Structures are given as structure tokens and as C-alpha cells.
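Here is the structure we will look at.
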Amino acid sequence: MNKADLIAKLAPKLNINQDEARVVLNSVLEVITEALVEEKNVRLVDFGTFSVKQRPERMGRNPKTGEKLKIEAKEIVTFKQGKALGEQFIVKPKQK
């Protein structure tokens with residue numbers, strides 16, 4: 000599912016047109032992005048938590064040449080699913 004698909008699903012749920020849904024979705028994504036840039040976690044109860052983590056400097060290898068190289072430290076965004084979201088993916092045994 001891509002952004003256009005999300006907009007198409009969101010619009011009827013909110014009883015708005017797709018242009019309005021695009022504005023809503025873009026605004027939500029902008030607020031999440033701003034919070035992450037300020038290094039704050041974004042916790043959506045039962046859905047999950049977006050957070051910024053530091054990935055340390057490490058040694059890697061150029062796949063074409065095999066040459067060793069240093070990969071710089073950087074910040075990455077991670078997502079940890081919430082309990083309710085995770086429960087949606089638990090495989091329940093089939094009843095006989």
C-alpha cells in the first residue's frame with residue numbers, strides 16, 4: 000500500500016474527498032516528522048512507537064571491490080509495534 004492507497008482508504012472513513020484526505024495525511028506525517036527531528040518519540044497507543052536511534056560507526060565492505068570501508072555513525076528512525084497491532088498478526092490455531 001502506498002500513499003495514494005492510504006488517501007483513497009482514508010477519505011471515505013472521514014467522509015471527505017481525496018484532496019482533503021491528502022491534506023490530513025500530509026499534516027499527520029509532517030507533525031510526526033517534526034517530532035522525530037526534535038528527537039522526540041511519537042507514541043500512538045495500541046499502534047506503536049516511532050523513535051530515533053543512533054546507529055554507531057562500523058566497518059563495512061564495498062560489495063563490488065571487497066575493499067573495507069568505514070560506515071559513519073548516523074541516526075535512524077525505528078518503529079516498534081504496539082500490543083494491539085501485534086495481536087493482529089498472531090496466528091490462531093485452526094479449530095477442527
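Under numbering that gives the first Met the number 0, the first residue of the sequence shown is numbered 0, with each subsequent residue one higher. Glycine residues also receive a C-beta, built at the ideal position from the N, C-alpha and C atoms. The structure displayed is predicted, hence computed values, not measured ones.
Q: Taking 8 Å as the threshold, find out whether the segment 29–48 comes into contact with the segment 74–91 through three or more Cβ pairs.
A: yes
Q.
Counting C-beta neighbours from all protein chains within 10 Å, is the total for Ile70 16 or more, i.e. buried, or is it exposed?
A. exposed
Q | Cβ contact (3+ pairs, closer than 8 Å) linking the segment 22–33 and the segment 0–13 | A | yes
Q.
Assuming contact is defined by CB atoms lying nearer than 9 Å, are Arg54 and Lys73 in contact in what I supplied?
A. yes
(Q) Counting C-beta neighbours from all protein chains within 10 Å, is the total for Ala83 16 or more, i.e. buried, or is it exposed? (A) exposed
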